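Numbering (our numbering), first residue to last: 2 to 386.
C-beta: ideal position from N, C-alpha, C; glycine also.
Predicted, not measured: the structure shown is a model, and the values here were computed from it.
Working notes for the structure below.
Structure representation (structure tokens):
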């Protein structure tokens, strides 16, 4: 299908209206196996009530059809009435527009809800460019009376395509661990400077004392396991954000629909689980997500979320661990800064001009910061023991 073919846009309040075969068919052709934009993940969010209702995330899934009625592209889109659960922060943009007498909400958000995980957002068949989809997104934003449209944590290729279509480009930063062909965790440690190697060994000794660790997937993800994990999850969300985004029903549905792609790390004292970390596996990547604990153990967060993930990735031949948003402390534990990408269509010309200047200045600062962080990272320099 050649780019430039007219596409007819349809908006669906339920992903079932598009169907799993059509959705995952477009996702598979996006070139990256990413569970966070799969039909199983998105439908679990919807069916569990984690999106919709009073969540602020109102599903408006997009399907773009060619003249023959065939689906050429889909996108996980939501009419947002707040800026919660996105991790690309635009609260100041909303405040500025509303102080000037404008209305920022609703906005159109193309994203994997509650998941700061980079990956494709414009799921399309060959020959359909990001720029051609940009026109459709802009039209839907106007039709839904949205102030703006935002494609967050997209691929660099999508980011460049949307930029070429006139969208504002914003850069972000995360921390990822890359597998340099390590045979085991000791092989990874050998690549670090002596001081960092000793620090990690000490952290692991203290965190592991009296505990055992298991990675649970597939049939091991019983209802009892999920009830326990939800307790861990809310122990973190209640402390940090004052409430949970994800409902208790979400996690069992996730395990049912994604199966072995779900990797749940549990820490046990005896037979009693005291902490858990949720990961999803896609292709050669392990994606770290939610975690929580009910017992205060030194360095347990680092052990369960970072070191156990590295152990798992090495053992299963995975190339990368993505540990999620924020946290410079990850650098000294082998997770180095990587750019993330988002693109923004803003209808109000004054706000658009201000945001453009902000994004340019922010990008220059982040690029300089990432270069400095990589230089100061924990890995050995040439000639270092």
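Can you list, in chain order, the residues of its chain with a C-beta nearer than 6 Å to that of residue 237? Leave out the 5 residues immediately preceding and following it.
Hits under 6 Å: 293.
Closer than 8 Å is the cut-off here; do at least three beta carbon pairs connect the stretch 296 to 303 with the stretch 142 to 157?
Segments in contact, no.
Can you tell me whether residue 317 is buried or exposed? The criterion is at least 16 other CB atoms within 10 Å of its CB, across all chains shown.
By the 10 Å Cβ count, residue 317 comes out exposed.
Return the CA-CA distance between residue 2 and residue 69, expressed in angstroms with no decimal places.
Annotation note: pLDDT 40 at residue 2 (below 50); position unreliable, coordinate value reported separately. If you take the alpha carbons of residue 2 and residue 69, they lie about 11 Å apart.
Which one of 364, 266, 46, 47 has the shortest CA to CA distance from residue 314?
The shortest Cα separation from residue 314 among 364, 266, 46, 47 belongs to 266.
Would you call residue 143 buried or exposed, if buried means 16 or more other Cβ atoms sit within 10 Å of its Cβ?
Answer is exposed; the Cβ neighbour count stays below 16.
Could you name each continuous alpha helix (DSSP H) segment of 4 residues or more that falls completely within the stretch 296 to 333, going from the start of the chain to the end?
Fully enclosed alpha helix (DSSP H) runs of 4 or longer: 309 to 316.
Please classify residue 179: does DSSP put it in a helix, a strand, or coil?
DSSP places residue 179 in strand when its eight states are reduced to three.
Under DSSP, the alpha helix (DSSP H) around residue 122 begins and ends at which residues?
Per DSSP, residue 122 belongs to no alpha helix (DSSP H) and is neither H nor E.
For residue 126, name the three-state secondary structure that DSSP assigns.
If DSSP states are grouped into helix, strand and coil, residue 126 belongs with coil.
Helix or strand or just coil, what does DSSP make of residue 133?
DSSP places residue 133 in helix when its eight states are reduced to three.
For the alpha helix (DSSP H) containing residue 206, list its first residue and its last residue.
Its alpha helix (DSSP H) spans residues 195 to 209.
Could you tell me whether the Cβ atoms of residue 254 and residue 48 are closer together than 8 Å?
The answer is yes: Cβ separation under 8 Å.
With 16 other CB atoms within 10 Å as the buried threshold, where does residue 345 fall?
Buried, because 16 or more other Cβ atoms sit within 10 Å of the Cβ of residue 345.
Tell whether a beta-carbon distance below 8 Å holds between residue 38 and residue 122.
The answer is yes: Cβ separation under 8 Å.
Measure the CB-CB distance between residue 230 and residue 271 and report whether it falls below 8 Å.
For residue 230 and residue 271, no; Cβs fall outside 8 Å.
With three or more C-beta pairs closer than 8 Å as the rule, is the stretch 168 to 176 touching the stretch 319 to 332?
Yes, the stretch 319 to 332 touches the stretch 168 to 176.
Using the beta-carbon count (16 or more within 10 Å), is residue 323 buried or exposed?
So residue 323 counts as buried.
To which residues of the same chain is residue 264 closer than 6 Å at the C-beta, ignoring the five residues directly before and after it?
Within the same chain, residue 264 has close Cβ partners 216, 218, 280, 282.
Touching or not, the stretch 366 to 377 and the stretch 123 to 138, by the rule of three or more beta carbon pairs under 8 Å?
At 8 Å Cβ cutoff, the stretches do not touch.
Give the straight-line distance between the Cα atoms of residue 320 and residue 309, rounded to the nearest whole angstrom.
In a straight line, the C-alpha of residue 320 is about 15 Å away from that of residue 309.
Nearest-angstrom Cα distance between residue 351 and residue 358?
Cα to Cα, the separation comes out at about 11 Å.
Looking at residue 79: is its Cβ nearer than 8 Å to the Cβ of residue 59?
Contact: yes.
In the DSSP output, what is residue 347 paired with across the bridge?
149.
Going by DSSP in three states, residue 59 sits in which element: helix, strand or coil?
Residue 59 falls in the strand class under three-state DSSP.
Just verifying my parser: in three-state terms, what is the DSSP assignment at residue 3?
For residue 3, the predicted structure reports a pLDDT of 44, less than 50, and the residue's modelled location is therefore unreliable. A value from the coordinates is still provided. Coil.
For residue 376, does the three-state DSSP call read helix, strand or coil?
In this structure, residue 376 counts as helix in the three-state DSSP scheme.
Ignore the nearest five residues each way along the sequence and tell me which others in residue 97's own chain have a CB closer than 8 Å to its CB.
352, 355.
Just how far apart, CA to CA, sit residue 378 and residue 89?
C-alpha separation (whole angstroms): 25 Å.
So, helix, strand or coil for residue 36, using DSSP?
Note: residue 36 maps to helix in three-state DSSP.
Between the C-alpha atoms of residue 101 and residue 347, what's the straight-line distance to the nearest angstrom?
Spanning the two alpha carbons is a distance of roughly 15 Å.
Could you check which residue in 137, 287, 138 has the C-alpha nearest to that of residue 262?
It is 287.
Is residue 27 closer than 8 Å to residue 74 when the C-beta atoms are compared?
Closer than 8 Å, so yes.
Do residue 245 and residue 235 have their beta-carbon atoms positioned less than 8 Å apart in this structure?
In contact: residue 235 and residue 245 (Cβ atoms closer than 8 Å).
Quick one: what's got a C-beta closer than 7 Å to residue 15's C-beta in the same chain, skipping five residues either side?
Around residue 15: 47, 60.
Report the three-state DSSP secondary structure of residue 1 (helix, strand or coil).
Outside the shown range of the chain, which is 2 to 386, sits residue 1, and nothing can be said about it.
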